[in-house]
Amino acid sequence: MTTFTTYTLRALPYGVSFMMGWALIHLIFRKVPKPPLLIRMALAEGLGLGLSAWITFFTVILFDSYQRPFVILIQCIVTAALILLSLFLTDFKIRLRLNRQDLKNISLLLLMLILCMIPLWLHAKYYPMGGWDAWEVWNYKAKFIFSAEDKWTNMFQPMLWRSSPHYPLLLPLVNVWGWSFINQTTPAIPMITSMVFVFLTICLLSAVLYHSTKSPTALLVPGLLVTLPFFGILSISQYCDIVLSFYLLSSLYGLIKTLEGSHTAPYAILSGISLGMLSFTKPEGIVAAGILLLLSSILFILKHRDPTIRRTFLLPLSLSFGLSSLTTIIFLVMYSPGNQTFINGLASETSPSTIYRLKMILGFLLFEMKSAKWNGIWFFVLGGLILFYRPCLRRGIRLIPLFLLAYILTVLSYYFVNTYFEIGWWLQNTLNRILFSLLPVFLWWIFDSINANPET
Amino acid sequence: MKKSSFLTKRNFFIGIAFILIGLNTISLFQKITRMSQIRKKIPYIFVGYKFSGLNDLLKDKTYISYYTDKDLNERTHALQFAQAQYVLTPTILDRTLLNHEYILFDCSNEETAFEKIKELGVIPIRKNQFGIILAQNPNYLTKQE
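This is the structure we're talking about:
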C-alpha cells in the first residue's frame, strides 16, 4: 500500500463523518440561520463521529459481530441520505452573511488553531500507543469489537474488571469506524481520533467565545490549553476525557442558545443529540448529561410561563436525546455487567465511608489544583472567578456555574460513597482527568464573562 | 479628568493570561526537547509486542491461562500484563486458572518457566526470543469430555 493510499484510507472515515454531521446540522437548522461557520464545522465533525459510532454500534448488535462491509455501506448510505435530504429541505434563502472582516478573523482563528496543534502532534508522536488506560480500556475494547467476531460480548466479562467493562463505548466505536477502511488495527487511528477531538474542542471553544464576545481574547483560550504540558499529555493519551469535554461543550452551547431564546427548537435538537452522545462516552458523561437535562429544563420552565413555548424546548430536547441516547440505554440494559469496582461505603461494615475519607477527598482536591503540573492554571481560573464574580453569575450563563457545582458535588460524593479503592491512589489517578475534562468549560465561563455586561 | 481605560480588571486578567501562555510555552518547549533527546537514545518500546506472533494459534481461543512468577501488583509488571492482554485481543488471559488448553509462561527466567511446565505436565509448543513460552495442556480434551 502506498503512503498516499494509507493516509487516504486513514482520513476517509473522518471525512465521511464530517459530511454526515454537516448534512445533519443543515437539516436541523434548515429553516433558521445556522450556527456560525467555524462552530458548524466543529459540530459537524464531532456529531458526525458520534453518529458514526451510533451506526457502528447498531450494526454490531444487528449482526452480532463487527461486519466491516456493512458498517461502511450503512455509513455511506446514511451520509448520502442525509446530504440529499438536506439539499431538498434546506431553505437556501437563509444564508449566513459573512463580511470580509469576519472572514479574515475566522481564517486567522483557524490558522491559530492549526498552529496550536503542532506541539500536541509532536507530543503525540512520542507516545504512539497513548497512556495506560488507552491499551487497557479504550483501545482494548476497540480492538476486541474489531477482531472478536461473534465473541465481541466477551469483553463484558466481569473477569476483565481492570478494563472497566461497564464503561460506555463511544470512543472504542469511533476507533473501530476509523479502522474500517484501512482494515487493520493500526495505532495511528486512536492517535488521530484523540488529536481530532482536541482540535474540535479548542475550535468549538474559541469559535463560541469569538462569536459571543466579538473579542480577540477568544484566541487566548486555545493558547492557554495547548501550551499547558499536562493538558497536552492527557489530550494525546487516547483517553475518553477529551471526547467527554467536547460533547460537554457542544451540549452547553446548544442549551445556552435555547435559554437565550434564539431558535429554541433547532438548538434543543442539537443539545439533545449532543447530550445523548455525551452519555455514551463515560459514566461521568451519563451523570453530566442527566444534570444538564434537569438543570436546563428547570431554567427554561422558570423563564417561560407559556406552555407552548415550553413545549418547543422540552419536546425536541427529549425526543432527540431519547434517540441519541438509545446506544447508552441498550448498552446499560443489555451489555454492561455493572460496576465491578463498587462498594457502597454507606452500607458496608467492612469498608465504610469515614470522615477521614471525606477530609482526604476535599484536601486532595485543593492539593491537585495547586499541583505544579497544572502550572497555576487553577489559580488563574479562581482569580478570574473572584475578579469577575458578578458577570460570572449573570442570568444568561447561569447554567454553567449551576452545572459545574452539581457535577463536582456528584463526583466528590461518588468518591466518598464508593469505598472499593484506596482513596489516595484513586484520587491521584482519576481526579486530574475530571479536572482536565472540565477545564475548557471553566475557561469558557470566565472568558465569556470578562467581556460581558453583568446585567445580561 | 477621564480615568485611563487601560488599567482595568479585564486588561490585568488578560495580561496574566499572556504571562501564563508565555511560561507554559517555555515549559512545553523544554518538555518536548527533553523527550526528543530521550527518544533519540531510547526508542519507544511497547512491551506488549513481546507477545505478538501468537495470534495465529490463539485466534479462536476465548481464554488461555497466563502464568507468571512476577508480582503483578508492581507497576512495570502490571503494565506488561495489560499490554500483553491488548496485543493478544480477543483472547482473554486468565491469571486465576491454569487448566485452559493453552498456557502462556511469562517468567523472570526460562528455568523457572520450564520447572513450572514440568510440574504442570504441559507441552511447550512455541518460544520466542523474549523468553515467552506457549504450552499446550495434553489433558485438556480429556477433561472437556
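In order, the protein sequences belong to chains D and A.
Counted from 1, the first sequence has number 437 at position 437 by the numbering used here; the numbering is strictly sequential.
Counted from 1, the second sequence has number 1004 at position 4 by the numbering used here; the numbering is strictly sequential.
The beta carbon of each residue, even a glycine, is placed where N, CA and C say it ideally should be.
Measure the C-alpha to C-alpha separation of residue i and residue j and round it to an integer number of angstroms.
i, j, result
"Leu278 (chain D)", "Ile1064 (chain A)", "36 Å"
"Leu292 (chain D)", "Trp177 (chain D)", "28 Å"
"Phe199 (chain D)", "Gln75 (chain D)", "23 Å"
"Tyr415 (chain D)", "Cys240 (chain D)", "19 Å"
"Ile1221 (chain A)", "Leu1093 (chain A)", "This structure gives no information on residue 1221 (chain A), because the portion of chain A shown stretches from 1001 to 1145."
"Ala218 (chain D)", "Ile1042 (chain A)", "40 Å"
"Thr264 (chain D)", "Thr213 (chain D)", "21 Å"
"Leu404 (chain D)", "Trp425 (chain D)", "24 Å"
"Arg394 (chain D)", "Ile446 (chain D)", "12 Å"
"Ala406 (chain D)", "Leu220 (chain D)", "28 Å"
"Met191 (chain D)", "Leu12 (chain D)", "15 Å"
"Leu111 (chain D)", "Tyr210 (chain D)", "14 Å"
"Leu259 (chain D)", "Gln1083 (chain A)", "47 Å"
"Ala124 (chain D)", "Ile434 (chain D)", "21 Å"
"Asn105 (chain D)", "Ile1032 (chain A)", "30 Å"
"Leu319 (chain D)", "Gly272 (chain D)", "8 Å"
"Trp179 (chain D)", "Phe156 (chain D)", "21 Å"
"His26 (chain D)", "Leu115 (chain D)", "29 Å"
"Thr430 (chain D)", "Phe364 (chain D)", "11 Å"
"Leu84 (chain D)", "Gly322 (chain D)", "25 Å"
"Gln67 (chain D)", "Glu149 (chain D)", "8 Å"
Please confirm whether residue i has its beta-carbon closer than 8 Å to some beta-carbon of chain D.
i, result
"Ile1062 (chain A)", "The amino acid occupying residue 1062 (chain A) in the given sequence is Thr; Ile does not appear at that position. So yes, Thr1062 (chain A) belongs to the interface."
"Ile1032 (chain A)", "yes"
"Ile1103 (chain A)", "no"
"Leu1020 (chain A)", "yes"
"Leu1028 (chain A)", "yes"
The alpha helix (DSSP H) that contains residue i, what's its start and end?
i, result
"Pro222 (chain D)", "220 to 226"
"Trp445 (chain D)", "423 to 449"
"Val196 (chain D)", "188 to 213"
"Asp12 (chain D)", "This sequence places Leu at residue 12 (chain D); Asp is not what is there. Note, Leu12 (chain D): alpha helix (DSSP H), 3 to 28."
"Cys240 (chain D)", "Looking at the DSSP string, Cys240 (chain D) is not in any alpha helix (DSSP H), and its letter there is neither H nor E."
"Asn139 (chain D)", "139 to 147"
"Trp161 (chain D)", "Per DSSP, Trp161 (chain D) belongs to no alpha helix (DSSP H) and is neither H nor E."
"His1077 (chain A)", "1075 to 1087"
"Ile329 (chain D)", "326 to 330"
"Asn1055 (chain A)", "1055 to 1058"
"Trp378 (chain D)", "377 to 387"
"Met334 (chain D)", "Looking at the DSSP string, Met334 (chain D) is not in any alpha helix (DSSP H), and its letter there is neither H nor E."
"Gln75 (chain D)", "68 to 89"
"Ala265 (chain D)", "264 to 279"
"Phe1114 (chain A)", "1110 to 1120"
Specify, as a first and last residue, the run of the beta strand (DSSP E) that residue i falls within.
i, result
"Ala1104 (chain A)", "Reading off the sequence, residue 1104 (chain A) comes out as Leu, not Ala. Its beta strand (DSSP E) spans residues 1102 to 1105."
"Leu1134 (chain A)", "1133 to 1136"
"Ile1092 (chain A)", "1092 to 1094"
Return yes when at least one heavy atom of the ligand SAH lies under 7 Å from the C-beta of residue i, else no.
i, result
"Ile291 (chain D)", "Looking at this structure, you won't find the ligand SAH or any other ligand, since it has none at all."
Cβ of residue i less than 8 Å from any chain A Cβ?
i, result
"Lys151 (chain D)", "yes"
"Leu439 (chain D)", "no"
"Gly131 (chain D)", "no"
"Ile114 (chain D)", "no"
"Ala23 (chain D)", "no"
"Ser387 (chain D)", "Looking at the sequence provided, one finds Leu at residue 387 (chain D) rather than Ser. By this cut-off, Leu387 (chain D) is an interface position."
"Tyr126 (chain D)", "yes"
"Gly461 (chain D)", "With chain D running from 1 to 456 in the structure shown, residue 461 (chain D) is simply not present."
"Ile450 (chain D)", "yes"
"Thr217 (chain D)", "yes"
"Gly290 (chain D)", "no"
Where does residue i fall in DSSP's three states?
i, result
"Pro1043 (chain A)", "coil"
"Lys1070 (chain A)", "coil"
"Ser297 (chain D)", "helix"
"Ser52 (chain D)", "helix"
"Met1001 (chain A)", "Confidence is the limiting factor: at Met1001 (chain A) the pLDDT is only 46, short of 50, which leaves the residue's position unreliable, though a coordinate-based value still follows. Reduced to three states, the DSSP call for Met1001 (chain A) is coil."
"Arg1126 (chain A)", "strand"
"Asp102 (chain D)", "helix"
"Tyr167 (chain D)", "coil"
"Asn418 (chain D)", "strand"
"Asn339 (chain D)", "coil"
"Ser351 (chain D)", "coil"
Taking all protein chains shown into account, decide if residue i is buried (16 or more other Cβ within 10 angstroms of its Cβ) or exposed.
i, result
"Thr354 (chain D)", "exposed"
"Thr227 (chain D)", "buried"
"Thr327 (chain D)", "buried"
"Ala1135 (chain A)", "buried"
"Lys141 (chain D)", "buried"
"Asn344 (chain D)", "exposed"
"Leu89 (chain D)", "exposed"
"Tyr1086 (chain A)", "buried"
"Thr308 (chain D)", "exposed"
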